[in-house]
Amino acid sequence: MSDKSYQIKENNQVMIQGGEKKVMKKILSVALSTAMAFSMFASVAFGDDALNTQQKFDVLKEKGIFTGYPDGTAGLDKEMTRAEFAKVLVGIMGLEPIEGKASFKDKNYKADKWPAPYVEAVYAAGLMEGKNTTKMIFDFNGKITVQEMAKVLVTAQKLEIPTETNNNASDWAKGYVQAAINAGLVDAKANPKANASRSQLVDVAYSIYLAQQKPAVVSYKVSEEGKVVEFTLANNEVVKVTLETPLKANVAQDVKFTHNNYEYTHNVTWVVTVATKIDSVSASNLKEIVVKFDGTVDPASAGNKNNYTVKGSLAIDSVKVADDKKSATILLAKADNATLTNQTETEITLKNVKNSDASKVFDQTVKFTPTDVAIPEISEVVGLGTGAFKIVFSEPVKESAAIITNNYRVDGNVIGANVTFQYPNIAIVETGLTVGDHKVTVSNVEDYSGLKVAPVEKSFTVVQDTEAPTVASVKTNDLRQVEIEFSETVKSVDKVYANTTANTASVPYTIRDNKVIVNFPNPLNVNENTIYIEGVRDFSNNVANRDAKVTPTLDTVRPEVVKTELKQQDNGNHQLVIEFSENVETASAEARTNYTLKKSDGKAAEAVGLDSKGNPVIKPSYDPVKRTVTIDLASKLDNATYTLEVSGVRDVAWVPNQMLPFTTTVNANVATSGAIARVWQANVGNTQSYVYVQYNKNVATSGVGDATSKQKYTVKQGTDFRTLGNNESVILYSPNTVRITIDNRNPVESVRANLIADVDGNFFTQNSNYILEKAVVDTEIGLKAGEAIEATDKESVKLVFDGALNYVNPSDFTVTAGGKNYTPNTYTLSTDRTTVTLKFTGSNALPTDLQGATISAADPTTRDNFGVVIKPVSGNVVDKVAPEVDGSEAHISAPSTVGTATYYDITFEASEVVSKNSTVTDEFVNSLFTVKFDGKDAKVEKVSFGTNGTSGDTIIVRVSTDHVVAATEVVSVVFDGARNTSAKGIVDHNKNAVGEFRVASQFQNID
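In this text, residue positions in the sequence shown follow the working numbering: the first is 68, and each later residue adds one.
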């Protein structure tokens, strides 16, 4: 039994605490219990129905609380005196009778009479005072009434006495009785002046007595990963105890708690059979990582190498789950670049690993430090007949030294041998051996940290082997790969095929000790298959043909997105990196339409690399080694939170499993590299000035990256940078801004800051250097240099400022387009508060043709975090608004016939002048249109624009068909806006591409 005790953090029961005397704590406890019992007494609902009143009396008599009459009767029909009630109170409260004292002047009330010790005890405890406190008359032979009991209870519980009463009690008792009624202790219909019978008092006393007993713990249940224990008591109460420190799995420990003023200590064992947490991650060599759980895990998911990722994307060879299912050993790939670094912290991520009853799925990243300080040893030497022996090393070793024959001695002699290495730790030494005992010595074989095996002799026995390997088991990995386990180490296999020779496994086969892994060109049957193995040979050259039956286990697990990351590249552009739980089909992983990025309002996100639907323009790139898809957005996103939707991606199983639609959020502000956003100077007083350094992220205020550390800053005044003086200081002015107090008012030209981190501990860099430098700018915020003012759609104009804003007045701004002024209705502000998107909604929407549009804010009231108004705004608006075509406004010409062909011109109205981009061909533009008459394709002969054919606000599509179209035929035209957006084929003056449009109507209904 552990001697460690766990204290309560919280408890669902009331506990009375404080420094009162022991007797007062006992009185309060009993009063509470009495209150509960008396509420039952008031409604004549007494205690436990399992016992009648006589049986209750017998229990109380045995405990010395009641005595009974000399004739042995209980006198249940009699009324009870105040002295008798005092005796009951002393008994149920556990008070000590006070001997040799008589404080009251009642006739025949003497210290040596039986009532005195009990009356004195309740008087000393302040529970009963007597009928006449002036004359000190207790009236010990008087009867106890309901109102007198009410006073005892109300006094003990310190209940508030109400000013308004509605009861028939005596004047002195009205407040007590009303308080008891209000608290539910007394029935409002009860007669407060009535005497209580002994039977009624027995029932009340018995209820009090029960409440005062300490019920034993009969059982307990541990939940919430050892943090909560629920104790069930003998009276069926359940006490929930939350521990400060969780219990240790499968270790007996004492848990202490207090309930109803009783202290409990109970020994508890949290029995864990299934895993609830990762106990540890370690690596005692540089090729194997051991993950230990506190219970059992599901071998299938824990043994799936796709469910593990090692930092640096180190390739994983395989995963082996221990026989007890409580640990998994991850073997890294043989390549040198898939090796851990000794004594350098790294991390491993688990995804989709389930415990054995699937009640928990581990989705966790754990840091660990590989520590390889042990030299490799020979774990086992096995004779493989008279032609070879097998050496198993204690850890993965390098093949380069393991295959050198000169590194092996048998019985002290140099041997002529052929050595075959089987990764990670087996060497097969082929040499002639005699039957009997031998000793082998190995030297120069080294592990992946460079430690070499000690040349220690190891004994082994050689026996004559005359039997070829037999099949021990066969298992499938999907429908193409089979793992065959044999009874002994296998040297070679001539041929393996499934069912017929038409499905012969590809060579070379993978042989690892006694296991052979083969891959078939065609899938196995989903039901039973026969695997034929021809020429399976051991190292004694015993050879045989074998066969075995196997029914494949299909892969039915859908791929999942396990990680999404928005990264900022060195050129400032963003890219999305999406990691999957398993290898996925390249075609579906690189399909543009399987990915959509949206803004918080549900509209498509805006980036050069996204089309009007939020799908990537540039083809996504899939890396099967890392199981990641990278999407280049070709520009920087605004600092905001976006929604990423992924769907339609399939795995590489023979029967592909398609992922369920996945949605997550990505934050461009988090992805943005840390930098100094702005620096400005303001004079204060007569001799000092403040320099404000504003970062684009909230900064750390402690640790190595502390942005308030004075030693990290230098300022340039004059020709050189200088450190801050004794009278100069740095404070945090706002979460992303520090204020430097300069002990003079000379102009500061620029500021340098070194080793600054954000609140998550990520260090800011500038040109791959930890030293940041920023020139001082004007106090007022202005438009950020190099950032264009853009109209992203008819309702939005985006402005980027060089500092964070606190208040935006949309009325400050006016957009002038086509000779008309537009004032925004409202605005949105980015997460970092530097990007304002002015919104023009409804009838106030901007035109699509914004050529020559300007924006101005001559006398702005918009201001920054420090209350300073922005600089006046004046500039051109870059037109990023796509032209629109309304398919419902289409016109079709009368037919013209040339030979057997009939021609029609279909005209569409564009919202602005459009033309064919010179970068695309006429054939490409023609291919953007699909035209059908009653479901039959018409040929697009030519696409022209406007009256001159090259540009204008109309698009004319000439088509030919083999007949004159009837009035009732349905004309269908579909324009491929996605392809047009990607290639920018039909565009406006600023190369904004026309989006999708279509028309479907009977010929007679088109003008």
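Glycine is no exception: its CB is placed at the ideal position from the N, C-alpha and C atoms.
- Give the DSSP-derived three-state secondary structure of A400 in the structure shown. As a first step, residue 400 is located in the sequence shown; it is residue number 333 there, counting from the start. A400 sits in coil when the DSSP states are folded into three classes, being neither helix nor strand.
Distance, Cα to Cα, Q531 vs V502? As a first step, residue 531 is located in the sequence shown; it is residue number 464 there, counting from the start. As a first step, residue 502 is located in the sequence shown; it is residue number 435 there, counting from the start. Between the alpha carbons of Q531 and V502 lies a distance of about 7 Å.
In three-state DSSP terms, what is K260? For this step, residue 260 is matched to residue 193 along the sequence shown. It is coil, neither helix nor strand.
**Prompt:** Three or more beta-carbon pairs under 8 Å between the stretch 634 to 649 and the stretch 423 to 436, yes or no?
**Reply:** Between the stretch 634 to 649 and the stretch 423 to 436, the count of Cβ pairs shorter than 8 Å is below three; the stretches do not touch.
So, Y709 versus A735, is the Cβ gap smaller than 8 Å? In the sequence shown, counting from the first residue as 1, residue 709 sits at position 642. In the sequence shown, counting from the first residue as 1, residue 735 sits at position 668. Pairing Y709 with A735 gives a Cβ-Cβ distance under 8 Å.
Using 8 Å as the threshold, is the C-beta distance between L700 and Q642 below it? For the purposes of this step, residue 700 is identified with residue 633 of the sequence shown, where counting begins at 1. For the purposes of this step, residue 642 is identified with residue 575 of the sequence shown, where counting begins at 1. Yes, the pair counts as a contact, with Cβ atoms nearer than the cut-off.
query = Does the distance from the C-beta atom of I1076 to that of V440 stay below 8 Å?
reply = With the chain covering only 68 through 1074, there is no way to say anything about residue 1076.
Subject >> Touching by the beta-carbon criterion (3+ pairs, under 8 Å), the stretch 294 to 305 and the stretch 164 to 175 >> reply: In short, these stretches do not touch, since the Cβ pair count stays below three.
Report task. Please name the residue or residues paired with S526 in a DSSP beta bridge. Result -> Locating residue 526 in the sequence shown gives position 459, counting from the first residue. In DSSP, S526 forms a bridge with K506.
| Mapping DSSP to helix, strand and coil, what is D989? | As a first step, residue 989 must be located in the sequence shown, where it is residue number 922. Residue state for D989 is assigned as helix, using DSSP reduced to three classes.
For this session: With DSSP as the reference, please indicate the residues paired to T969 in a beta bridge.
Result: The count along the sequence shown starts at 1 and reaches residue 969 at position 902. DSSP lists T964 and T1028 as partners of T969.
Check: Going along the chain, which residues of its own chain have a beta-carbon closer than 6 Å to the beta-carbon of E414, five neighbours each way excluded?
Finding: The residue labelled residue 414 in the question sits at position 347 within the sequence shown. If we look at E414 and ignore the five residues flanking it on each side, its Cβ neighbours are K378, T432 and K434.
Since W747 sits in a beta bridge, which residues does DSSP pair it with?
Residue mapping note: residue 747 aligns to position 680 of the sequence shown, counting from 1. DSSP lists Y759 and V844 as partners of W747.
Exercise. Would you list the one or two residues that DSSP bridges to I807?
Key: Residue 807 sits at position 740 when you count from the first residue of the sequence shown. I807 is bridged to V758 and V797.
query = How about T768 and A774: do their beta carbons lie closer than 8 Å?
reply = Counted from its first residue, the sequence shown places residue 768 at position 701. Counted from its first residue, the sequence shown places residue 774 at position 707. Taking 8 Å as the Cβ cut-off, T768 and A774 qualify as a contacting pair.
- Task: Verify whether the separation of the beta carbon atoms of F1028 and F996 is less than 8 Å.
- Result: Looking up residue 1028 in the sequence shown gives position 961. Looking up residue 996 in the sequence shown gives position 929. According to the sequence provided, residue 1028 is Thr. The question's Phe does not apply to it. A distance of 8 Å or more separates the beta carbons of T1028 and F996.
**Anticipated Cβ contact below 8 Å, E657 with P626, distance rounded** = Position 590 of the sequence shown holds residue 657. Position 559 of the sequence shown holds residue 626. E657 to P626, Cβ: 14 Å. No contact.
Tell me, please, whether the stretch 961 to 968 touches the stretch 928 to 947 by the rule of three or more beta-carbon pairs shorter than 8 Å.
No, the stretch 961 to 968 is not in contact with the stretch 928 to 947.
Checklist entry - Beta-carbon separation of S1040 and I937 under 8 Å? => result As a first step, residue 1040 must be located in the sequence shown, where it is residue number 973. As a first step, residue 937 must be located in the sequence shown, where it is residue number 870. At residue 1040 the sequence reads Val, which differs from the Ser that was named. Going by C-beta atoms, V1040 is not nearer than 8 Å to I937.
Subject >> Residues bridged to Q431 (per DSSP) >> reply: Here residue 431 corresponds to residue number 364 of the sequence shown, with the count starting at 1. Per DSSP, the beta bridge partners of Q431 are L417.
### Query
Can you tell which of F152, G209 and A367 has the C-alpha that lies nearest to the C-alpha of A395?
Here residue 395 refers to the residue found at position 328 of the sequence shown. With distances taken between Cα atoms, A395 lies closest to A367.
Discussion item. Restricting to Cα atoms, I'd like to know which of V733, Q725 and I645 is closest to D58.
Written reply: The structure shown does not extend to residue 58, since the chain is modelled only from 68 through 1074, so no value can be given for it.
According to DSSP, simplified to helix, strand and coil, what is Y329? Numbered from 1 along the sequence shown, position 262 holds the residue referred to as residue 329. Y329 falls in the strand class under three-state DSSP.
- prompt: Would the beta-carbon of V529 fall within 8 Å of that of T472?
  reply: Position 462 of the sequence shown, counted from the first residue, corresponds to residue 529. Position 405 of the sequence shown, counted from the first residue, corresponds to residue 472. Not closer than 8 Å, so no.
Alpha carbon to alpha carbon, how far is V574 from A425?
Here residue 574 is taken as the residue at index 507 of the sequence shown, counted from 1. Here residue 425 is taken as the residue at index 358 of the sequence shown, counted from 1. Take the alpha-carbon of V574 and the one of A425: they are about 38 Å apart.
Can you list, in chain order, the residues of its chain with a C-beta nearer than 8 Å to that of V541? Leave out the 5 residues immediately preceding and following it. Here residue 541 is taken as the residue at index 474 of the sequence shown, counted from 1. In chain order, V549, E550, I551, E552, I598, A615, K616 and V617 place their CB closer than 8 Å to the CB of V541, counting only its own chain and leaving out the 5 sequence neighbours on each side.
Task: beta strand (DSSP E) runs wholly inside the stretch 285 to 361, at least 3 long, in chain order - done: With a minimum length of 3 residues, the continuous beta strand (DSSP E) runs that stay inside the stretch 285 to 361 are 295 to 300, 305 to 310, 319 to 326, 329 to 336, 345 to 349 and 355 to 360.
*Find out if the Cβ-Cβ distance for the pair N650, R613 is shorter than 8 Å.*
Translated into the one-based positions of the sequence shown, residue 650 becomes position 583. Translated into the one-based positions of the sequence shown, residue 613 becomes position 546. The Cβ atoms of N650 and R613 do not sit closer than 8 Å to each other.
V364 vs N422 beta-carbon contact at 8 Å: Here the question's residue 364 lines up with position 297 in the sequence shown. Here the question's residue 422 lines up with position 355 in the sequence shown. Contact flag set, yes.
Helix, strand or coil at T498 according to DSSP, with G and I counted as helix:
The count along the sequence shown starts at 1 and reaches residue 498 at position 431. It is coil, neither helix nor strand.
- In whole angstroms, what is the alpha-carbon distance linking T986 and V992? Numbered from its first residue, the sequence shown carries residue 986 at position 919. Numbered from its first residue, the sequence shown carries residue 992 at position 925. Those two C-alpha atoms are separated by around 11 Å.
Query raised in the report: What is the DSSP secondary structure of G602, reduced to helix, strand or coil?
Result: Taking the first residue of the sequence shown as 1, we reach residue 602 at position 535. When secondary structure is reduced to three states using DSSP, G602 falls in the strand class.
Option in S349, S714 and L398 with minimal Cα separation from Q410: The sequence position of residue 410 within the sequence shown is 343, counting from 1. The alpha carbon of Q410 has as its nearest neighbour, out of S349, S714 and L398, the alpha carbon of S349.
Open item on the list: Quick check on the DSSP output: the beta strand (DSSP E) that includes F456 runs from which residue to which?
Closed with: In the sequence shown, the residue the question calls residue 456 occupies position 389. A455 to F460 is the span of the beta strand (DSSP E), which, as asked, contains F456.
query = Using 8 Å as the Cβ pair cut-off and three pairs as the minimum, do the stretch 599 to 611 and the stretch 665 to 683 touch?
reply = Contact check between the stretch 599 to 611 and the stretch 665 to 683: fewer than three CB pairs, one atom from each, fall below 8 Å, which does not count as touching.
**Prompt:** Near V771, what residues of its chain come up, given a Cβ to Cβ distance below 8 Å and the 5 sequence neighbours on each side ignored?
**Reply:** Position 704 of the sequence shown holds residue 771. Within the same chain, Cβ atoms closer than 8 Å to the Cβ of V771 are found at L822 and A824, the five residues on either side in sequence being excluded.
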